[in-house]
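Residue numbers (my numbering), protein chains in the order written: chain A, 49 to 716; chain B, 49 to 716. All C-beta atoms in this analysis are idealised placements derived from N, C-alpha and C, irrespective of residue type, glycine included. Since we're looking at a predicted model, the values are computed, not measured. Have a look at the structure below, then the notes.
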């Protein structure tokens, strides 16, 4: 039974009777004590509940000091969450059109970004975002950019953290499936995207499943990031052909392991499924062996080799497997068993592998790996990839429990690993210099905190960087079951905030946050003061895609409508509280309409929407923003365009009429 | 400066020194007091902050006891929020495709609902949701259905609260613009949708703006709801032609006013804008007069008259304005000034109008209105609609402040009105029987609580029903400015939770909730125990759209692939942790694929996703759900289909291959 607070109020009153030197502050406090204790008593809160409430509560206007960027899984977006309050501050539209943000609903600029990410002529209107990755300088988050991958279509997006907008989506020409992405190298020269389900390389390439061993392949892609332009440079990016295992999560080396890339794999059994034909289903066929292969890739060397030995697959420069072997770009090390996460320690000394069907985490030594590679090995996988000796490269194994998935780090020499089947977070000590520095027994389990329920990834403050912050950890639980009100058969996920500020065995859950807008997989938490977002756009007429004032931006008084000879009507509008100029736009059915809109606002939060009823168009014009639309006025009639954002007391009057006059030669 | 809690810990310690009869409970409490006080002190929390934190905090597993359904504005969805924790439990996809819910991303069932709501052949992929309306029985929320309107396209959606899914979207044939919807009559026989921006009636009808007075019209539509079927019956629904004023919010009478519909209007000036031609912009032109017209509609009588005098406009039965006048279905009463909300008191005795450019709320008496209508009037508007005398129908006016928008009620005889320009919530007393019952001075302002910033609508517990619950009120603020971390130029809204449980002048803000997933306009709050959601679907193979087991639902062992002579490949699959059956699906390029999927799961929260990489398809299969997809396999190659929901430790192995063999006669 839970201890409650029945008697504190009485005690506080008794304390007042002490008649000790009474300052106003004391009387206020005593009164408060009684009042607060009464509320806690009435609500049946335990002492731990009260502590948790006071640690996470943010009074009105108090700004969260940590920001979490979480994927939203098959919602296709990014979630921005404040810590410690665990409040969803906003979403960032990425792969899925989102009308509130004016993303992909008629706006020319955003629709071009989405179109660029379309595959084989197919227009894609969603993605399966998995792993966000903040840009780094010397292995430390710098708060400038965010990258995220789309597992369902093998794409990577670039988000600019000045305006929290997606600027670029690149489609991988090699495959339709990825998982090991996005992960950046310590100075963000490269964005890593690793494959998942093997297939013939080159989107659109067919081969019978019976030829799996010969013609199906895995891959990894290294996207070259141009920080100055804030875009991925596809021409300078390249892929590597890998054996047809199923590559999984990856991490970039840093410090001692700088230049190396670590990537997990599973299904080295090369099971091809076919349960309908009496074969074992993938879940069984892909889980027969005790060991899979940790991929160790020399990216530094690969970036040179690709100049000599790169070939084009579906137009994309790729290093053939044989070349990688001959040039020593690729080594394997055995890893237990169907692993998920591989996570490099802050200093880069170790890579920690969580084998989801093995109760241990396995710690690989960078130093030992480099030595083993130098010594060479005669062991090879069926494709000729050299396989290092397990004992030669493993530093330690720590038994944590059932279903270890993913590991993060803090500032106290601890590692934290999610245990899916145990539904717990394990805290354990690192060895080597970490143990020495913090005077802890190396490589040992310290404590486990149960979470509700079945944790996937976890995220600690800058917990995958070279400078983990400690303090907070978020358990990203896949099942919530009974934690929240039942919202029908589809339930939210459950993000639980853990307080990891105290060393040792104390690691309480403070807060449950339902995630009912998607299914996040991974997240990163950054100190809020590292982010330097714009409050308004730098200039009136700012085009967020070009990063400058648009040539078609319009000044007050220069609004105009021009009918061109070629049946195009071009409109230059301004937008300001509380009217559009012009308010009447008359066209003929079949005209092509090009419409430029410029927000004249300079006040923070003075956002206007712009929609055209019936025409499936909606924009969000943030202060100073320029945007444009192009459409054919194929529907005759009278249509309102109005501000979809409640901007002022006269917001409902912020409207105009689009008059589309029917013509006999409609649609010309 | 804020008083903090420096001395409480010391006092609690001193209290312990009292050596009073010590029970374990007391010692725990004392220790707790000190610990909690220390946290509050360290974080600089005021006594009010601590009280607010303890009132709103929900320990893990504690279920919110009130549920708020909020629109999401131009995000096009519904938000489900728990009170008092102010946590977003989930969104409900309505007008905008949402892949996490499998809504409108390849799923046949949901795409048919969205297609049904398309306008004039235009496929719409968003909406501007404004006013959710819970189904009622005798004027009280019954928790069965939720209705919501789309202002941008004049549509209404029906949501079933057993599975929180949208079941129907109806497009209004009369117009592309609405605002006064959705509002239900006390037994949900009718769903009211009122117009907004006047236009020629009938989507696609054109008339020059110069003929505004003659050919532009307002309207209201009454959608007939068939509760047994859980659908709107379009055939039994009808519209009414109204003068070309801009109709705004509406409310259905109840109790004394049962059978009447009240609807606001603005721009009775009939301003047509044209600022670009030197005319006053709408914001000025539509705000010249001191009085607009409160529309009083006799729905009960209209439902009879329509049988005799209804005409078809764009195929939709509509009562012409002249018929409404002749049959006495429509009366006006003057109302100040550019009003927004009209809200009927719990007993139906009064309709309260908030004129956003007038500092008063104006209270109309139902009794006086009925008497005035019986007496008749010689005053008419320019279209011949009888105009009742202001003084004959107004009971009282209460001066509240600047920018009153919308009013709700509680269980203590209070009304609450949002003040946009004052950025405050006003509490004031009702008169008549309410004042007598609660012993309060009638029609008088009690207090105002400032909110941050610029409140639009507000929502109190069941605060627009016949049985308001009191306790909580949410201020739906349009601007947040400095309340949260700056997430770029696009900032969230701010929902603030107010504690209205104490009578009199105490009405504190307890919590700020950022809304960064849309721009909600209105919300309703229902007692959670009134909702009876399903935890899983009633039977395996349940089709959420037909409400029964689907004929194509598949049992374990009966999975199959059938190639028909007409180039159609039909697949019956089962879905269960952790595999799909079949795992191999081989088709020829150009084949039409019809794919039936049945979830065999019966465990709560055991949801599976189903996506096909590169094919822009994603489903969410909740426990027991049947869903289907149809597509042409126009892209050759090897594509993975996999579970997009992290369902088990072997979730990554829950995958299969779609093999599309290239053919020379592709796309046949």
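Could you check what DSSP says for residue 355 of chain A in three-state terms: helix, strand or coil? In the structure shown, residue 355 of chain A falls within a helical segment according to DSSP collapsed to helix, strand and coil.
Give me the Cβ distance between residue 312 of chain A and residue 206 of chain A, rounded to the nearest whole Å; I'm assuming they're in contact under 8 Å. With 8 Å as the limit, residue 312 of chain A and residue 206 of chain A do not qualify as a contact, their Cβ atoms being about 25 Å apart.
Can you tell me the Cβ-Cβ gap for residue 316 of chain B and residue 290 of chain B, rounded? I've got them flagged as a contact below 8 Å. Wrong, their Cβ atoms sit about 11 Å apart, outside the cutoff.
Using the rule of at least 16 other Cβ atoms within 10 Å of the residue's Cβ for burial, across every protein chain shown, is residue 700 of chain A buried or exposed? By the 10 Å Cβ count, residue 700 of chain A comes out buried.
C-beta contact flag for residue 570 of chain B and residue 179 of chain B at 8 Å: Yes. Within cutoff.
Who are the Cβ neighbours of residue 486 of chain A in its own chain at under 8 Å, not counting the five residues just before and after it? Taken in chain order, the residues that qualify are 460, 461, 477.
If you measure beta-carbon to beta-carbon, which residues of the region 248-263 of chain B are closer than 9 Å to chain A? 248, 250, 251, 252, 253, 254, 255, 256, 257: these are the residues of the region 248-263 of chain B whose beta carbon lies less than 9 Å from some beta carbon of chain A, given in chain order.
Those runs of the alpha helix (DSSP H) which lie wholly inside the region 94-155 of chain B and span at least 4 residues: If we require 4 residues or more, the alpha helix (DSSP H) runs fully inside the region 94-155 of chain B come out as 95-104.
List the residues of chain A whose Cβ lies closer than 9 Å to the Cβ of residue 404 of chain B, in chain order. Within 9 Å of the CB of residue 404 of chain B, the CB atoms of chain A belong to 697, 698, 700, in sequence order along the chain.
Sorted by chain position, which residues of the same chain lie with C-beta nearer than 7 Å to residue 185 of chain B's C-beta, five sequence neighbours on each side aside? Excluding sequence neighbours, residue 185 of chain B sits near 235.
Three-state secondary structure (DSSP) at residue 311 of chain B? In the structure shown, residue 311 of chain B sits in a strand (DSSP, three-state: E or B).
Go through the region 279-308 of chain B residue by residue and report every complete run of the beta strand (DSSP E) that reaches 3 residues or more, in order. Runs found: 279-290, 294-300.
When you compare the CB of residue 716 of chain A with every CB in chain B, is at least one pair closer than 8 Å? Its pLDDT being 37, under 50, residue 716 of chain A is placed unreliably in this model, and the value from its coordinates should be taken loosely. Proximity of residue 716 of chain A to chain B, defined by a Cβ-Cβ separation below 8 Å, is not satisfied.
Where does residue 1 of chain B land, buried or exposed, given buried means 16+ other C-beta within 10 angstroms? Absent from the structure is residue 1 of chain B, since the part of chain B shown begins at 49 and ends at 716.
Beta carbon proximity, residue 310 of chain A to chain B, threshold 8 Å: Chain B, which has no Cβ nearer than 8 Å to the Cβ of residue 310 of chain A, makes this no.
Counting along the chain, where does the alpha helix (DSSP H) carrying residue 480 of chain A start and finish? Start and end: 480-486.
Please list the residues of the region 547-562 of chain A that have a C-beta atom closer than 7 Å to any C-beta atom in chain B, keeping them in chain order. Within the region 547-562 of chain A, 557, 560, 561, 562 place their CB atoms closer than 7 Å to a CB of chain B, listed in sequence order.
Considering just the uninterrupted stretch of the beta strand (DSSP E) at residue 414 of chain B, what are its terminal residues? Membership of residue 414 of chain B in any beta strand (DSSP E) is not indicated; the residue belongs instead to the alpha helix (DSSP H) covering 414-423.
Could you pull out every residue in the same chain whose Cβ sits closer than 6 Å to the Cβ of residue 564 of chain A, ignoring the five residues on either side in sequence? Contacts found: 540.
For residue 741 of chain A versus residue 643 of chain A, is the C-beta spacing smaller than 8 Å? This structure cannot settle anything about residue 741 of chain A, because the visible part of chain A is limited to 49 through 716.
Label residue 531 of chain A either buried or exposed according to how many other C-beta atoms from any shown protein chain fall within 10 Å of its C-beta, with 16 as the threshold for buried. Residue 531 of chain A is buried by the Cβ-count criterion.
Please state the DSSP three-state secondary structure of residue 462 of chain A. When DSSP states are grouped into helix, strand and coil, residue 462 of chain A belongs to the strand group.
Taking the alpha helix (DSSP H) that residue 263 of chain A belongs to, which residues open and close that run? Residues 260-263.
Flag residue 76 of chain B as yes if its beta-carbon sits less than 8 Å from any beta-carbon of chain A, otherwise no. Bear in mind that a pLDDT of 27 at residue 76 of chain B, under 50, signals an unreliable position, so the number given afterwards is only what the model happens to contain. Closer than 8 Å: yes.
For a minimum of 4 consecutive residues, which ranges assigned as the alpha helix (DSSP H) are wholly contained in the region 163-191 of chain B? Whole alpha helix (DSSP H) segments, 4+ residues: zero.
With burial defined as no fewer than 16 other Cβ atoms inside 10 Å of the residue's Cβ, what is the status of residue 359 of chain B: buried or exposed? Counting C-beta atoms within 10 angstroms of its own C-beta, residue 359 of chain B has fewer than 16 neighbours from the protein chains shown and is therefore classed as exposed.
Determine which residues of the region 429-455 of chain B have a Cβ less than 8 Å from any Cβ of chain A, and write them out in chain order. Of all residues in the region 429-455 of chain B, the ones placed with a Cβ closer than 8 Å to any Cβ belonging to chain A are 451, in chain order.
Quick check: the Cα distance between residue 520 of chain A and residue 546 of chain A, rounded to an integer number of angstroms? If I take the Cα positions, the gap works out to 6 Å.
Roughly how many whole angstroms lie between the Cα atoms of residue 678 of chain B and residue 342 of chain A? Their Cα atoms are separated by approximately 40 Å.
Buried versus exposed, by CB contacts within 10 Å (16 or more), residue 584 of chain A: When all chains shown are included, residue 584 of chain A counts as buried.
Spatially closest choice to residue 475 of chain B from B:253, B:154, B:523, by CA coordinates: It is B:523.
Taking the beta carbon of residue 112 of chain B as the centre, do at least 16 other beta carbons fall within 10 Å, making it buried, or is it exposed? Residue 112 of chain B is classed as buried because its beta carbon has at least 16 other beta carbons within 10 Å across all chains shown.
Going by DSSP, what residues sit across from residue 678 of chain B in a beta bridge? Here residue 678 of chain B is bridged, per DSSP, to B:642.
How do the region 144-155 of chain A and the region 127-142 of chain B stand: do at least 3 beta-carbon pairs fall below 8 Å, yes or no? No, the region 144-155 of chain A does not touch the region 127-142 of chain B.
Step through the CB atoms of chain A and report whether any lies within less than 8 Å of the CB of residue 69 of chain B. The predicted position of residue 69 of chain B is uncertain, since its pLDDT is 30 and thus under 50; no value can be drawn from it.
Would you call residue 53 of chain B buried or exposed, if buried means 16 or more other Cβ atoms sit within 10 Å of its Cβ? Any reading at residue 53 of chain B must be qualified, since the residue scores a pLDDT of 34, below 50, and its modelled position is unreliable; the value itself is stated next. By the 10 Å Cβ count, residue 53 of chain B comes out buried.
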